[in-house]
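In what follows, a structure is listed as structure tokens, so that the remarks can point back to it.
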Amino acid sequence: MAKFMVTLQLPVVFTDDFVALIPRHRMFINQLIEENVVEAYAISADRTQGWITMNGQDTEAIRLVVQKFPLYPFFRDVQINQLFIFDSVSSRFPPISLN
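Listed below in structure tokens is the structure:
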């Protein structure tokens, strides 16, 4: 299974319709994290961009999942890039403690 970085452009203004969907969106993201489809989910401090590291067969499979996001209709742009290298603290073995 390949890894992908999804970059989202969020709306400049959050309408009431957008805000109303946030709890359902977060529940869906949490479900995808539990299923190991989503590895990491981040939103910028100014709330204009998001980055999601996802696992999937190919770009089209990732696109189909992203299109199911409850907030998808509000995204201004979605970019999907397959990753060659993805390294993080959480993907490494924990340090050995000889206690």
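Under my numbering, think of the first position of the sequence shown as 3, with each following residue one higher.
For every residue, glycine included, the Cβ atom is placed at its ideal position computed from N, Cα and C.
Bear in mind that the values here come from a model prediction, so they are computed numbers and not experimental data.
Less than 8 angstroms separates the beta-carbon of Pro72 from that of Phe30. Here DSSP, grouped into helix, strand and coil, assigns Glu37 to coil.
Three or more beta-carbon pairs drawn from the stretch 9 to 24 and the stretch 79 to 88 are found closer than 8 angstroms, and the two stretches are therefore classed as touching.
Taken in chain order, the whole alpha helix (DSSP H) runs of length 4 or more contained in the stretch 57 to 93 are 61 to 68. According to the DSSP assignment, Leu10 belongs to the beta strand (DSSP E) that extends over 4 to 11.
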